Amino acid sequence: KKSAISISVEADLYEGAFVDQSSTDIDIALFFKPDIFDVTSVTTIDITSNYGHRDALECVLTHLATGEEFRLYGVHLKAGNQSDDRADREQEAENLRDYLNGFDYDAHFFVLGDFNFYYSDEGGFQRLTESQTENNGQLFDPIDEIGYWHNNYAFAEVHTQSPRGGTYGGMDDRFDFILVSSSILDETDMNYLEDSYTPYGNDGDHFNQSINAGNNSAVPDEIADALYVASDHLPVYLEVVFSGTLPPLRQIVISEIMPNPSLVSDSNGEWFEVYNTDSV
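Under this note's numbering, think of the first position of the sequence shown as 2, with each following residue one higher.
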C-alpha cells in the first residue's frame, strides 16, 4: 500500500512529501515552503503496468496568498533508445495524457521530471503535446525548443544530461523537461514568467563535455563541481507569476518625470515618460 510521508528539513523552512513506490527503488519527492504553499494531496497516477517502472506522482497545491490551486506531476519515464523503450514511454505518456484530459480547460498543471525523450517526434512526446479531440490535457514546452535533441549542438543550451561526461556521454541530451498546461501560458491568474526557464548550470558551452570542464559562465566553479557530483542530470526550473503578486504579468514603468519645466529651455512643459516592459 502506498502512503504519503511528510518530513521537515532546514529547520522547518521546507517540508517534503512523497509516495513510496514499492515496485521501484527510485521515488519522486516534493519539497515546498509551508508558509507559501499548502499541499492538499499527494498520490500516484497509474501510468504503467510494467514492474519496476514508475507511476506519476500527483501533488495538488494551493498558493496561500492568492488561493490559486495547481497540480504538479512528477514523472520518470522508461529509459533507453530501443524501439521497445520508446513504445513503453509512449504508453506511459498516453496514459498520463488521458488522465490530464479529464481536467477543466482552465486547470493549472505542470508535468516535470526525467522524460528520457531523444527527439520531439518520438511518440511519447507527441502524445503529451499533440492536439487531440479532447485537448484539456495538452501540454506545451514553455521555450518551444522542438527538434532532434540527441547529440545535436543546435540544442546545446537546453541539454540536461549528462553533466558527468566520461562514460555518461557528456552534455548531449534534453531528457529533463517542465511541460505546462495552456493556462500557464495564457493570461490567467497563474503564468509562466517569460525567459525564466533554465537548465541550471548549462552555459551552452559544454556540448559533449562534463559541466565542470574548464570554465562555466553560468555558475561558479564550486557549483559546477557540485552539479557534476550530484547527478547525471541537471535540474531545470522556471518561475511563475500569481495574479496580485510581484512582478506583475503586464508591467508599465514610469521611468522619468520632468516636474519643473523652467529648468530647461524647451517649451514642452511638465511631462512624464512611460515605458512598457512587455510586447503587448
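Note that the Cβ used here is the ideal one computed from N, Cα and C, for glycine as well. If you're wondering where the values come from, they're calculated on a predicted model, not measured in any experiment.
Closest by C-alpha distance to residue i, when choosing among the options
i, options, result
"E91", "R72, L129 and M259", "L129"
"D173", "S183, Y149 and D196", "Y149"
"G138", "I29, F111, A155 and V159", "F111"
"F32", "A94, I144, S24 and V43", "V43"
"F208", "D36, S132 and A155", "A155"
"S197", "P262, E131, V242 and L14", "V242"
"D28", "V61, F71, Y193 and L78", "L78"
"Y229", "V220, S132 and N213", "N213"
"V237", "I258, N269 and P164", "P164"
"G53", "I253, S23 and S232", "S23"
Beta-carbon proximity check, residue i vs residue j, cutoff 7 Å
i, j, result
"H109", "I185", "yes"
"E95", "Y74", "no"
"L239", "I179", "yes"
Per-residue DSSP class, three states only, for residue i
i, result
"G167", "helix"
"A88", "helix"
"L194", "coil"
"L62", "strand"
"A30", "strand"
"L239", "coil"
"K2", "Confidence at K2 is low in this model, with a pLDDT of 32, below 50, so its placement is unreliable and no value can be given for it."
"Y106", "coil"
"E271", "coil"
"L140", "strand"
"A94", "helix"
Supposed close pair residue i, residue j - CB separation, criterion 8 Å
i, j, result
"A157", "G202", "The Cβ separation is near 13 Å, so there is no contact."
"D47", "D36", "At roughly 33 Å, the Cβ-Cβ gap does not stay under 8 Å, so D47 and D36 are not in contact."
"Y292", "H151", "Nothing can be reported for residue 292, as the shown portion of the chain is limited to 2 through 281."
"V76", "G114", "4 Å"
Count the CB pairs spanning the region 84 to 101 and the region 221 to 228 that are closer than 8 Å, and state whether there are at least three. no
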